[in-house]
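Undergrad: This is the structure I want to talk about, given as structure tokens.
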Amino acid sequence: MTVAQSYTIESVASITGGVCYGKENLIVKTLSIDSRSLQLPEEILFFALVGARHDGHLYIKDLYQKGVRAFVVSNSECTDLKQYPEAGFILVPDTLRALQNLAENHRKNFSFPVMGITGSNGKTIVKEWLYQLLNESYSIVRSPKSYNSQVGVPLSVWNMNSEANLAIFEAGISQPGEMDQLSKIIQPTYGIFTHFGDAHRENFKDEVQKLEEKIKLFSSCDSIVYCADNKLVDESLKSRYGQNKELISWSRNQAANLMVVSEEIKGNRTFIKIKYKKETKEINLPFSDKASIDNAITCWLCLLNLNVDDETIKERFLKLEPIAMRLEIKEGIGDCTLINDYYNSDLGSLGIALDLMNQQQKDKSKTLILSDIFQSGYTNHQLYKAISKLLEQKKINRLIGIGEGISSQSKLFTCNASFYRSTDVFLADLNRNQFKDEIILIKGARNFHFERISNALQYKAHQTVLEVNLNAMVHNLNYFRSLLKPSTKLVVMVKAFSYGSGSTEIANLLQYHRVDYLAVAIADEGVELRNAGITIPIIVMNPEPHSFDTMIEYRLEPEIYNQTICLEFEKALKRNGVRNYPIHIKLDTGMNRLGFVHHDIDTLLSLIVNNDHFFISSVFSHLAGADEQQHDDFTARQINSFTQWSDQILSQFSYPIDRHILNSAGIERFPQAQFNMVRLGIGLYGISATHQEKLMNVSSLKTTISQIKEVSKENTVGYGRKGQLQTDTRIGVIPIGYADGFNRKLSNGHGKVMVNGQLVPVIGNICMDMSMIDLTNTDAKEGDSVLIFGDDYSVSKLAEQLETIPYEILTTISRRVKRVYFQE
Numbered sequence: 000m001t002v003a004q005s006y007t008i009e010s011v012a013s014i015t016g017g018v019c020y021g022k023e024n025l026i027v028k029t030l031s032i033d034s035r036s037l038q039l040p041e042e043i044l045f046f047a048l049v050g051a052r053h054d055g056h057l058y059i060k061d062l063y064q065k066g067v068r069a070f071v072v073s074n075s076e077c078t079d080l081k082q083y084p085e086a087g088f089i090l091v092p093d094t095l096r097a098l099q100n101l102a103e104n105h106r107k108n109f110s111f112p113v114m115g116i117t118g119s120n121g122k123t124i125v126k127e128w129l130y131q132l133l134n135e136s137y138s139i140v141r142s143p144k145s146y147n148s149q150v151g152v153p154l155s156v157w158n159m160n161s162e163a164n165l166a167i168f169e170a171g172i173s174q175p176g177e178m179d180q181l182s183k184i185i186q187p188t189y190g191i192f193t194h195f196g197d198a199h200r201e202n203f204k205d206e207v208q209k210l211e212e213k214i215k216l217f218s219s220c221d222s223i224v225y226c227a228d229n230k231l232v233d234e235s236l237k238s239r240y241g242q243n244k245e246l247i248s249w250s251r252n253q254a255a256n257l258m259v260v261s262e263e264i265k266g267n268r269t270f271i272k273i274k275y276k277k278e279t280k281e282i283n284l285p286f287s288d289k290a291s292i293d294n295a296i297t298c299w300l301c302l303l304n305l306n307v308d309d310e311t312i313k314e315r316f317l318k319l320e321p322i323a324m325r326l327e328i329k330e331g332i333g334d335c336t337l338i339n340d341y342y343n344s345d346l347g348s349l350g351i352a353l354d355l356m357n358q359q360q361k362d363k364s365k366t367l368i369l370s371d372i373f374q375s376g377y378t379n380h381q382l383y384k385a386i387s388k389l390l391e392q393k394k395i396n397r398l399i400g401i402g403e404g405i406s407s408q409s410k411l412f413t414c415n416a417s418f419y420r421s422t423d424v425f426l427a428d429l430n431r432n433q434f435k436d437e438i439i440l441i442k443g444a445r446n447f448h449f450e451r452i453s454n455a456l457q458y459k460a461h462q463t464v465l466e467v468n469l470n471a472m473v474h475n476l477n478y479f480r481s482l483l484k485p486s487t488k489l490v491v492m493v494k495a496f497s498y499g500s501g502s503t504e505i506a507n508l509l510q511y512h513r514v515d516y517l518a519v520a521i522a523d524e525g526v527e528l529r530n531a532g533i534t535i536p537i538i539v540m541n542p543e544p545h546s547f548d549t550m551i552e553y554r555l556e557p558e559i560y561n562q563t564i565c566l567e568f569e570k571a572l573k574r575n576g577v578r579n580y581p582i583h584i585k586l587d588t589g590m591n592r593l594g595f596v597h598h599d600i601d602t603l604l605s606l607i608v609n610n611d612h613f614f615i616s617s618v619f620s621h622l623a624g625a626d627e628q629q630h631d632d633f634t635a636r637q638i639n640s641f642t643q644w645s646d647q648i649l650s651q652f653s654y655p656i657d658r659h660i661l662n663s664a665g666i667e668r669f670p671q672a673q674f675n676m677v678r679l680g681i682g683l684y685g686i687s688a689t690h691q692e693k694l695m696n697v698s699s700l701k702t703t704i705s706q707i708k709e710v711s712k713e714n715t716v717g718y719g720r721k722g723q724l725q726t727d728t729r730i731g732v733i734p735i736g737y738a739d740g741f742n743r744k745l746s747n748g749h750g751k752v753m754v755n756g757q758l759v760p761v762i763g764n765i766c767m768d769m770s771m772i773d774l775t776n777t778d779a780k781e782g783d784s785v786l787i788f789g790d791d792y793s794v795s796k797l798a799e800q801l802e803t804i805p806y807e808i809l810t811t812i813s814r815r816v817k818r819v820y821f822q823e
């Protein structure tokens, strides 16, 4: 997060109560808490945050080598001026509290209005829509993306600068006590409460406690905007603040400052009529879902309270655009990867998007298509000079700049760069052949309509797509990590095309989040990951002798499961002149699949003890029924056998060897058997044996309605005339079939899909490339989206229809189905 104002190390130490070591006069402008995400390292102040499973102090050496010189630490051993002679350190008791104290102090420098937004849902939408609606009238500082946490809020407030005259920050909490700190940092003068729901309820005694904690944000506010239709919200705000603050409410069914008179939905638009200060007012919204309507009314009330005139309000609401809550990753032309982020453009979000870009294949060339950035608080020269430094630091190979502002500063950019005055000019000049095997980040302000560029560069393929929510995957990863001891290592299974989600994209994400190992089924999967720039250790679970030379070349570590495979791999190591190569010993404790059984252990030890070709990285086994309580006694016997057998093996070696037996279900149900490593598989993708409510859905299979036709009851539908019609029927044809992984057993009403929130049956036999569905009782139209499985209709429910397991469905989705990745 970059701010125009500068601080010295000495002044930061004074603010945070820290002690200086080294260079006290270093100037810092930027705060960082992530060693993987650096912008302009010479201006960074790095806070070494410490958590249950991470410690920022471990990355100081690497950051110093990358040019960072200023650090806030809580470990005095890190302030080694001999090792870091050009550095300045601030030693504090708690680095997170120091970050918060610095932001709180920085906030005190500014007296312009600050909007503070909280609620269970809608915080980011309301913040971004207020920005859209007000940015022509104000110079606004706002939270990047959904930076609303104990770390995100101070980073957001740090953006406040003397060029701005309005700030909009959101604040989110997940447990009691957190809002006390956030309210001191934000110190809002104007409060907005969006919606009260079930999010994060598990850490609060009840709804009342959660709400009381949230509204602590408004203690410094002069006025508070909210919807009075939630009785608990209305009563709580009136009870706490009704005597000393202006409460500004809206409602559909009771007296309020803004009363909704009527709402009429026509297609995708909503026409709303209200009463405000005894006057009737109207707006036209480009949305029709209830959540968007509610959020828009909240924004409308804010604008009315700020005395924005009615004509301006009508005009700006007509131009209101959806918020891209997530960066979108999809396949482009010429084997390119596209990253779409064309709904907002500022220096902070550019840094976030470039970091995501650098998570992708590291050996690919990187191209940035960037529009003008507006209202940054900098002159054009200052802004694009900073961006030029950022692109150099992020190793961007090519820049395509679009807009008058960036074009006027073309001489500042040292990378391969070309410039266009408008999107139309760029598209008119576009040669699709100039994009080949590269990563392309499309980043622009909304009025440049960069979705047109994305459409031009996107690989035109199947209308059926598998959407993969990378944020949900990280949530699931963190959930399982929360169940582990800090010292427990993590192997993540990415075999079978990452359970259908896509191999390289998922592996890049996991490498970025520092898992210890990846595991694949066969060597070819590992080679694909290595070629995509994956450098962390990779275990091959089903190694085959013909692939051993390739495995050695690509540093892939084999599972050794019997004497034959052990001897064959030893031969390959000798052929290649390799010694001390890592291997993983598989023991069969009851799965009766691959692995050494107990009476084989002496033979195994005779092969590997004092054999300098091998280095045993781990010993492991596989649980047969960890997900089912009925097998718990058997699972306990497996764990006991593994403990005894692995003890026998480990006793023969002087170096440490990891042990692991727990899979996803085992991590949840048998935490006492963590040993020092576990294997995470289907849990990462959102399937739990015991706590499904703790996980988020990762994958959504979607298609569209290609054609709708009316078919009379004397006709049949599909191959074999199996679709027997009992009445005149409205048939929808969707471009998904068994070649895409839509199982043929779902034919003839056995399966259902979701259209506009309504389940409709499959009719007739599923074909290779398409299927037919019954739309008789829906208002669906051609082009509407169809959900095969996802958030609203889980893959587990689809698995129940097929009398199978979610694994089978996920892994049989054809590779011809385009994967589209989203990340916030």
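Numbering-wise, numbering that gives the first Met the number 0 puts 624 at position 625 of the sequence shown, and it's gapless, one number per residue.
Here a beta-carbon is modelled for each residue, glycine too, at the ideal position from N, C-alpha and C.
If you draw a straight line from the alpha carbon of residue 670 to that of residue 559, how long is it in whole angstroms?
TA: Here residue 670 refers to the residue found at position 671 when the sequence shown is read from its first residue. Here residue 559 refers to the residue found at position 560 when the sequence shown is read from its first residue. Cα-Cα distance, rounded: 26 Å.
Undergrad: Report yes if the C-beta distance between residue 177 and residue 145 is below 8 Å; otherwise report no.
TA: Residue mapping note: residue 177 aligns to position 178 of the sequence shown, counting from 1. Residue mapping note: residue 145 aligns to position 146 of the sequence shown, counting from 1. In this structure, residue 145 does not lie closer than 8 Å to residue 177 by Cβ.
Undergrad: Note down, in chain order, each residue of its chain lying with its Cβ closer than 6 Å to the Cβ of residue 18, except the 5 sequence neighbours on either side.
TA: Locating residue 18 in the sequence shown gives position 19, counting from the first residue. Correct list, in chain order: 90.
Undergrad: Can the beta-carbon of residue 730 be found closer than 8 Å to that of residue 762?
TA: One-based indexing of the sequence shown puts residue 730 at position 731. One-based indexing of the sequence shown puts residue 762 at position 763. The answer is yes: Cβ separation under 8 Å.
Undergrad: Between the Cα of residue 415 and those of 533, 689 and 387, spot the shortest distance and give me the residue it belongs to.
TA: Position 416 of the sequence shown holds residue 415. For residue 415, the nearest C-alpha among the options comes from 387.
Undergrad: Once DSSP output is grouped into helix, strand and coil, what is the label at residue 188?
TA: Counting from one through the sequence shown, the residue named residue 188 turns up at place 189. Residue 188 falls in the coil class under three-state DSSP.
Undergrad: Measure the alpha-carbon distance for residue 1 versus residue 353 and round it to whole angstroms.
TA: For the purposes of this step, residue 1 is taken as residue 2 along the sequence shown, with counting starting at 1. For the purposes of this step, residue 353 is taken as residue 354 along the sequence shown, with counting starting at 1. Low local confidence applies: a pLDDT of 42 at residue 1 is under 50, so the model's placement there is unreliable, and no value is given.
Undergrad: For the region 479 to 543, list the beta strand (DSSP E) runs that are entirely contained and at least 3 residues long, ordered along the chain.
TA: Complete beta strand (DSSP E) runs here, min 3: 488 to 492, 516 to 519 and 537 to 539.
Undergrad: Could you tell me whether the region 715 to 731 touches the region 786 to 797, using the rule of 3 or more Cβ pairs below 8 Å?
TA: Output reads no: the region 786 to 797 does not touch the region 715 to 731.
Undergrad: Using a threshold of 8 Å, state whether the C-beta atoms of residue 677 and residue 645 are closer than that.
TA: The sequence position of residue 677 within the sequence shown is 678, counting from 1. The sequence position of residue 645 within the sequence shown is 646, counting from 1. Contact flag unset, no.
Undergrad: List in chain order: all unbroken beta strand (DSSP E) runs of 3+ residues lying wholly within the region 7 to 92.
TA: Fully enclosed beta strand (DSSP E) runs of 3 or longer: 18 to 21, 26 to 31, 43 to 46, 69 to 72 and 87 to 90.
Undergrad: So, at 6 Å on beta carbons, what are the nonlocal neighbours of residue 819 in its own chain, with the 5 sequence-adjacent residues on each side left out?
TA: Residue numbering aside, residue 819 sits at position 820 when the sequence shown is read from its first letter. Excluding residues within five positions, the ones whose Cβ falls inside 6 Å are 329, 464 and 466.
Undergrad: Residue 70 and residue 88: beta carbons closer than 8 Å?
TA: Locating residue 70 in the sequence shown gives position 71, counting from the first residue. Locating residue 88 in the sequence shown gives position 89, counting from the first residue. In this structure, residue 88 lies closer than 8 Å to residue 70 by Cβ.
Undergrad: What did DSSP end up calling residue 709 once you bin it into helix, strand or coil?
TA: Taking the sequence shown and counting its residues from 1, one reaches residue 709 at position 710. DSSP places residue 709 in strand when its eight states are reduced to three.
Undergrad: How many Å lie between residue 289 and residue 255 at the Cα?
TA: As a working note, residue 289 is residue 290 in the sequence shown. As a working note, residue 255 is residue 256 in the sequence shown. Between residue 289 and residue 255, the C-alpha separation is close to 19 Å.
Undergrad: What three-state label does DSSP hand residue 676 in the structure shown?
TA: Position 677 of the sequence shown holds residue 676. Note: residue 676 maps to strand in three-state DSSP.
Undergrad: Measuring alpha carbon to alpha carbon, tell me which residue in 412, 455 and 407 is nearest residue 430.
TA: Numbered from its first residue, the sequence shown carries residue 430 at position 431. That would be 455, whose Cα lies nearest to the Cα of residue 430.
Undergrad: Going straight from the alpha carbon of residue 211 to that of residue 230, what length do you get?
TA: For the purposes of this step, residue 211 is taken as the residue at position 212 of the sequence shown. For the purposes of this step, residue 230 is taken as the residue at position 231 of the sequence shown. C-alpha separation (whole angstroms): 14 Å.
Undergrad: Taking one C-beta from the region 128 to 147 and one from the region 234 to 244 each time, how about it: are there three or more such pairs within less than 8 Å?
TA: Result no; under three Cβ-Cβ pairs closer than 8 Å.
Undergrad: Can you list, in chain order, the residues of its chain with a C-beta nearer than 6 Å to that of residue 155? Leave out the 5 residues immediately preceding and following it.
TA: Taking the first residue of the sequence shown as position 1, residue 155 is located at position 156. Excluding residues within five positions, the ones whose Cβ falls inside 6 Å are 142, 146 and 168.
Undergrad: So, for residue 9: in the same chain, excluding its five sequence neighbours on each side, which residues have a beta-carbon less than 7 Å away from its beta-carbon?
TA: Residue mapping note: residue 9 aligns to position 10 of the sequence shown, counting from 1. Result list for residue 9: 19, 23 and 24, in chain order.
Undergrad: Quick one: is residue 300 buried, meaning 16 or more other Cβ sit within 10 Å of its Cβ, or exposed?
TA: Mapped onto the sequence shown, residue 300 falls at position 301. Buried, because 16 or more other Cβ atoms sit within 10 Å of the Cβ of residue 300.
Undergrad: For residue 14, which residues in the same chain have their Cβ closer than 6 Å to its Cβ, ignoring the five residues on either side in sequence?
TA: Here residue 14 is taken as the residue at index 15 of the sequence shown, counted from 1. Hits under 6 Å: 101 and 104.
Undergrad: For residue 133, which of 243, 307 and 638 has the nearest alpha-carbon?
TA: Against the sequence shown, residue 133 aligns to sequence position 134. Of the candidates 243, 307 and 638, the one whose C-alpha sits nearest the C-alpha of residue 133 is 307.
Undergrad: Taking DSSP's pairing of strands, which residues face residue 820 in a bridge?
TA: Counting from 1 along the sequence shown, the entry for residue 820 is found at position 821. According to DSSP, which records beta bridges pairwise, residue 820 is partnered with 328 and 467.
Undergrad: Let me know the secondary structure DSSP gives residue 657 once reduced to three states.
TA: By 1-based counting over the sequence shown, the position of residue 657 is 658. Looking at residue 657 - three-state DSSP - the assignment turns out to be strand.
Undergrad: Pick helix, strand or coil for residue 249, following the three-state DSSP scheme.
TA: In the sequence shown, counting from the first residue as 1, residue 249 sits at position 250. Residue state, collapsed to three classes: strand.
Undergrad: Give me the residue from 692, 799 and 674 with the minimum Cα distance to residue 744.
TA: Mapped onto the sequence shown, residue 744 falls at position 745. Comparing Cα-Cα distances from residue 744 to each of 692, 799 and 674, the minimum goes to 799.
Undergrad: Look at the alpha carbon of residue 11 and the alpha carbon of residue 556, and state the distance between them as a whole number of angstroms.
TA: Here residue 11 corresponds to residue number 12 of the sequence shown, with the count starting at 1. Here residue 556 corresponds to residue number 557 of the sequence shown, with the count starting at 1. So the alpha carbons of these two residues sit roughly 47 Å apart.
Undergrad: Work out the CA separation of residue 193 and residue 225 for me, nearest whole Å.
TA: If you number the sequence shown from 1, residue 225 lands on position 226. If you number the sequence shown from 1, residue 193 lands on position 194. Using only the alpha carbons, I get a separation of about 6 Å.
Undergrad: Can you list the alpha helix (DSSP H) stretches of 4 or more residues lying completely in the region 267 to 318, in chain order?
TA: As far as the region 267 to 318 is concerned, its whole alpha helix (DSSP H) runs of at least 4 residues are 289 to 304 and 309 to 317.
Undergrad: May I have the straight-line CA-CA distance separating residue 373 from residue 408, to the nearest angstrom?
TA: One-based indexing of the sequence shown puts residue 373 at position 374. One-based indexing of the sequence shown puts residue 408 at position 409. About 14 Å.
Undergrad: Do residue 727 and residue 712 come within 8 Å of each other at the CB atom, strictly closer than that value?
TA: Here residue 712 corresponds to residue number 713 of the sequence shown, with the count starting at 1. Here residue 727 corresponds to residue number 728 of the sequence shown, with the count starting at 1. A contact, by the Cβ cut-off of 8 Å.
Undergrad: With a CB to CB cut of under 8 Å and the five nearest residues on each side skipped, what residues in its chain are close to residue 576?
TA: Your numbering for residue 576 matches position 577 in the sequence shown. Excluding positions up to five away in sequence, the list is empty.
Undergrad: Taking just the CA atoms, how far does residue 585 sit from residue 520?
TA: Taking the sequence shown and counting its residues from 1, one reaches residue 520 at position 521. Taking the sequence shown and counting its residues from 1, one reaches residue 585 at position 586. Whole-angstrom Cα-Cα distance: 14 Å.
Undergrad: Relative to the C-alpha of residue 273, which candidate in 295, 265 and 266 has its C-alpha closest?
TA: Position 274 of the sequence shown holds residue 273. Nearest of 295, 265 and 266 to residue 273, Cα basis: 295.
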